[in-house]
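Step one of this worksheet: look at the structure below.
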Amino acid sequence: MLSTLLASVSWTSPTIDYHALAPEIILGGGIVVLLLLDLFVSDAKKWLLTPVASFTLLASFIPVVTLALSDVGARSLFDGRYEIDKFSLVLKGLFLIAGYVVVLLATDHLREGDYYQGEFWFLMLSSILGMVMMASSRDMVSIFVSLEFLSIPAYMMAAWRKRDRLSNEAGVKYYLLGVFASAIMLYGMSLLYGITNSTKLTEIGTALGESVTPVRALAVFFVVIGFAFKVSAVPFHTWAPDTYQGAPTPVTAFLSVASKAAGFVALVTVVYVGFPGSHEVWQPVFWILSALTMTVGNVMALRQTNIVRMLAYSSVAQGGFILMPLSVAGIAEQSALRAVVAYLLVYAATNLGVFAVVMIVARKTQSGEISSYGGLFSYAPGVATMMTLFMASLAGIPPLGGWFGKFAAFHSLVSAGTNWSYTLAVIGGVNSVVAFGYYGRILREMWMKPVPHGDTAPVVVQSPLLVALIITGVSTLVLGTFPGIVMHFGDIAGLTGALVK
Amino acid sequence: MDIQGLTEHSWVLTAGTFLPLVGVLIMLFIPKKDEALSKAVAIGTAAITLGIGIYTLIAFNYDKADVMQFGARHEWISVIKSSYYIGIDGISLPLYVLSMVITLLVMIYSWDHVPSPGNAKAFFILMLVLQTGMAGTFIARDLVLFFVFFELVLLPMYFMIGVWGGENRQYASLKFFLYTMFGSALMLVAFLALFFKTGAESFAIPYLIENGGEIAKNTQIWIFAGMFVGFAVKVPMFPFHTWLPDAHTQAPTQGSVILAAILLKLGTYGFVRIAIPVLPDAAMEWAPYIGLLAVIGIIYGALGCLAQTDMKRLIAFSSVAHMGFVMLGISTLTSFGLNAAMFGMVAHGLITGMLFFVAGSVKERYHTLEIKRLSGMLVQMPKLGWILGFCAMASLGLPGLAGFWGEFPAILSAYNPADGLPVETFRTYMVIAAIGTVFAAAYLLWLYQRTAFGEPTAEFSPGHGHDEDIHDVNKFEWVAWTPLLIAIVVFGVYPQLMFKVLDPAVGVTLKAFGG
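Line by line, the protein sequences give chains A and B.
Per the numbering used here, the very first residue in the first sequence carries number 79; after that it's consecutive.
Per the numbering used here, the very first residue in the second sequence carries number 9; after that it's consecutive.
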């Protein structure tokens, strides 16, 4: 019996390029070390875990750099189901650095709140490992596994403040809607498998071709919708504000930047590699999602009085801008891919910076209200200036990073040159003006309003937060003034398997 | 990369544009309490910047004012085919140097006039950033670069109005910001459309001028529309002007001066440098409508002036009217009209800038700008009163002062618009604009009569507690104002000084119209 089974599957172990997998391997090793350390180290020495976590992230960034510099070019593993190409490398870099900044943000927050550091770092690194894998996955199974790998730890992280009802609500809401989305996506994937008899994206792409039948359209639609939850596109965004507000601030930063970016990475991969021929199905979907997402996100953000809730809606609206180029990704492949990559990088740098400031200010004012930013410029000009730069970047004002993201998005829409794309460009233009309504509100509070209760005690910027501010601030400025240095990562040639018509 | 024009000394433009940012960097390390040092460093930076500007004036080859000089082109964002492409010709040179002069003078004026709530360091830093944005806009020869500089001025001005402004400052600053941003968003889409319709080859303006004419006329009209909104908001043209009175009234004196003298010109400059030469067919179609809005602006601005009770608001409305003359000159698409418009831009910068300076000083002395409470300025402060009179005369276009050479030729140019434009329509505009000058004389003289003539009102007469505040022009004011006053006279008596720089470059701009 056993021998017949063995004979039927002639198994040969695939050759593994260890250099290519080094980031994942280092991360995995770090996770194990963290778990063990947490078990055996006494409470007084728990602080050791933080440097281990940050060291792991930085160490796994090294092979990302060496891979990017190596002459070999794109590396293909496991029968082309796992690709190490330019596109994946830049996003791996993004996830790792964003993770490192979140560690900086969370360090003191966790220690002061006594929030189970060991478990937290373990979960966060696992989630980042999932993201890093997502960037390379070119197979529905590995995409799904990566997605769950990055999501499940995030559900727990959102509910990290055990005794806080809001935090619990955040976790439960995120979990329930996340699972719901996974189910829809799985249904779409199963349909795809049924139609094409393959889980490999390139094969699905070839098999689907350009023909659109109802069942094919439905399959594509479900997969796209599943990821729309992940990137909190309207109308699948309802979890975001509550989860963002309830979760601990560093976790919110993590969710709104890294987790969202991972969702977009998955969207780009399935759309470019899996369904390039079905663009007639997904382009209109993205058009509608994008228009709705930025408009609703903006209008809701205008009404918020809590800073984190406002940032949650702002993050929803920014997601709408990142969706914009995807609505023409079937016509203007190159330009749209560049726009998404550029926007993700800029958005990550800026938004993490914003959360660093939010944490610095909240430590002093003990308040999450926007009005607590009153007069910040008068007693903390440095922090207020940084926040001004970040807000200007989110609003898309040159020469700060955000303008280039928007520029690239408009670039792809106009290059498509259809009436629909022009319409979306105008909607996007109007929305970027509306967005200033709430970004400008923070600026007004900081620069023009009096200090609430006359409390002008100076804010304390702890050194990890200062480092985070410097990293994000410099990135925001450099990406805005010399965006050319990262743009080649958006080359369509750097996305292995992308079918260019 | 190929560069059109002369490339000697190309460093002067880069240095002149970015030097203020170096000053900002230094100022970041000066403690906030050491206000005198902050001011000194800022003024020093502005002075060196102006020094470079004057060097540019000297080294400029006036025999070749029609070609771009000090040109340079370096890689910048090569994936979107945008480059750091700069240069300066007869059209941009006066505005470029004017921006440097105004910044320095405003800073000198600010030495003892930092508006409430203080914080000289931040105030001066913002002015330096503004300077970089303004100068950069005038040297950019690449649309993306132009856009970045054009937008760079937004935030500093927003803060200047919003933090250091009058009572309604927050409303005014937000209105200013949202209007401008809305215009820029549409302008950006128009720029991109232009880029793709010319073959997605380059954002360089010379390239676009060469190839823009081949775009189908209908498309041109749409692209022009996008740019029109962006530039018209900035000018501001009727009906996009409503942010201006609020912004001017609420802005601190320094903000008003910079706004009037330079920022408004970014819009008209955009028309002359980009919209018209790149999209000649659309410009022909749009010209009558631009002319119409321009004359509406002239009359509306004048009537608005007559209705004002606040001196600063009156000057703001007069800006709408004056920019109307500039736009009328531009809309004729003739060399004569464009020369007048360019001259008008500089003249308006000098004169209205001066008027806002005077208004600021009046406010500081009387703590009010309400016209009916002011009277007898000539009795109490003869020098300030005379300066106000001088500026009012210049503003209403008295021959012999700079204002005349912007206004009169602009009206005259409407008599003979470019071939293909409806002559009767433009002649009608000419008559309306001429009536506008009568209104201008009326509101300015009326303003002068009410504020300067007669005896001081009871509340401000000697012995009523205001004697300490009410003093004549002080030394910082003299230093800041004298160059402007001299320039108004010099350009008024010898306008050829500027026309000879402008004319060749204007000719190139209008090449597509056979002008």
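Glycine included, every Cβ here is placed at the ideal spot set by N, Cα and C.
In terms of residues, what are the limits of the alpha helix (DSSP H) holding residue i?
i: histidine 82/B; result: First-last for histidine 82/B: 77-85, but that is the beta strand (DSSP E), not the alpha helix (DSSP H).
i: glutamate 281/A; result: 279-286
i: valine 105/B; result: 100-118
i: histidine 97/A; result: 96-118
i: threonine 25/B; result: 19-36
i: leucine 45/B; result: 43-67
i: methionine 389/B; result: Premise fails: methionine 389/B is in no alpha helix (DSSP H) and is neither H nor E.
i: methionine 465/A; result: 459-473
i: phenylalanine 139/A; result: 127-147
i: threonine 261/B; result: 261-266
i: leucine 429/B; result: Neither: leucine 429/B is in no alpha helix (DSSP H) and is coded neither H nor E.
i: glutamate 523/A; result: 497-526
i: alanine 486/A; result: 480-494
i: serine 383/B; result: Neither: serine 383/B is in no alpha helix (DSSP H) and is coded neither H nor E.
i: histidine 256/B; result: 251-258
i: tryptophan 238/A; result: That residue, tryptophan 238/A, is in no alpha helix (DSSP H); it is neither H nor E in DSSP.
i: methionine 168/B; result: 162-172
i: valine 545/A; result: 541-559
With which residues is residue i paired in a DSSP beta bridge?
i: arginine 153/A; result: Ile162/A
i: asparagine 384/A; result: Glu447/A
i: serine 215/A; result: Tyr160/A
i: aspartate 318/B; result: Glu378/B
i: aspartate 150/B; result: Ala212/B
If you follow the beta strand (DSSP E) that residue i is part of, which residue opens it and which one closes it?
i: isoleucine 96/B; result: 90-96
Round the Cβ separation of residue i and residue j to the nearest angstrom and send it over; I've been treating them as touching at under 8 Å.
i: leucine 254/A; j: isoleucine 109/A; result: The pair is not a contact, with the Cβ atoms about 26 Å apart (cut-off 8 Å).
i: isoleucine 206/A; j: alanine 336/A; result: 7 Å
i: methionine 378/A; j: tyrosine 451/A; result: In fact, because the Cβ distance is near 20 Å, the residues do not count as touching under 8 Å.
i: lysine 278/A; j: aspartate 217/A; result: 5 Å
i: leucine 183/A; j: methionine 437/A; result: 6 Å
i: alanine 248/A; j: glycine 324/A; result: 3 Å
i: alanine 269/B; j: isoleucine 110/B; result: 5 Å
i: serine 107/B; j: methionine 142/B; result: 4 Å
i: aspartate 150/B; j: alanine 212/B; result: 5 Å
i: glycine 352/A; j: phenylalanine 307/A; result: Going by Cβ atoms, the distance from glycine 352/A to phenylalanine 307/A rounds to 18 Å, so no, they are not a contact pair.
i: phenylalanine 146/B; j: tyrosine 104/B; result: 4 Å
i: glutamate 378/B; j: threonine 317/B; result: 6 Å
i: isoleucine 570/A; j: glutamate 358/A; result: Actually they are not in contact, since the Cβ atoms of isoleucine 570/A and glutamate 358/A sit about 20 Å apart, beyond 8 Å.
i: aspartate 563/B; j: valine 75/B; result: Shown here, chain B extends from 9 to 523; a query on residue 563/B therefore has no answer.
Got a sec: does the ligand COA put a non-hydrogen atom nearer than 7 Å to the Cβ of residue i?
i: tryptophan 125/A; result: As presented, the structure is devoid of all ligands, the ligand COA included, so that no description of it is given.
- Could you list the residues in the stretch 181-197 of chain B with a C-beta less than 7 Å from some C-beta on chain A, going in chain order? Leu182, Phe185, Leu186, Met189, Phe190, Ala193, Leu194, Leu196 and Val197
- Task: Report the residues of the stretch 209-236 of chain B with a CB closer than 8 Å to any CB of chain A, ordered along the chain.
- Result: none
- Which residue spans inside the stretch 436-497 of chain B form an unbroken alpha helix (DSSP H) run of at least 4? none
- Query: Which ranges does the alpha helix (DSSP H) cover as unbroken runs of at least 4 residues, wholly within the stretch 273-361 of chain A, from first to last along the chain?
  - Reply: 279-286, 292-308, 317-324, 327-332 and 338-347
- Query: Going along the stretch 80-91 of chain B in order, which residues come within less than 8 Å of chain A, judged by CB to CB distance?
  - Reply: Glu83, Trp84, Ile85, Ser86, Val87 and Ile88
- Task: Enumerate, from N- to C-terminal direction, the unbroken alpha helix (DSSP H) stretches of 4 or more residues contained entirely within the stretch 318-358 of chain B.
- Result: 319-339
- Give, in chain order, every unbroken run of the alpha helix (DSSP H) that is at least 4 residues long and sits entirely within the stretch 179-233 of chain B. 213-220
- Query: For the stretch 560-575 of chain A, which residues have a CB atom closer than 7 Å to at least one CB atom of chain B, in sequence order?
  - Reply: Pro561, Gly562, Met565 and His566
- Message: Output needed in chain order: residues of the stretch 129-152 of chain B with a Cβ under 8 Å from some Cβ in chain A.
- Response: Ala130 and Val152
- Contact set between the stretch 510-523 of chain A and chain B, restricted to residues whose Cβ is under 7 Å from the partner: Ser510, Val511, Phe514, Gly518 and Arg522
- Between the stretch 25-38 of chain B and chain A, which residues of the former have a C-beta closer than 7 Å to a C-beta of the latter? none
- Quick one: which residues of the stretch 413-436 of chain A get their C-beta closer than 8 Å to a C-beta of chain B? List them in chain order. Arg416
- Residue ranges of each alpha helix (DSSP H) within the stretch 378-444 of chain A, 4 or longer: 385-404 and 411-443
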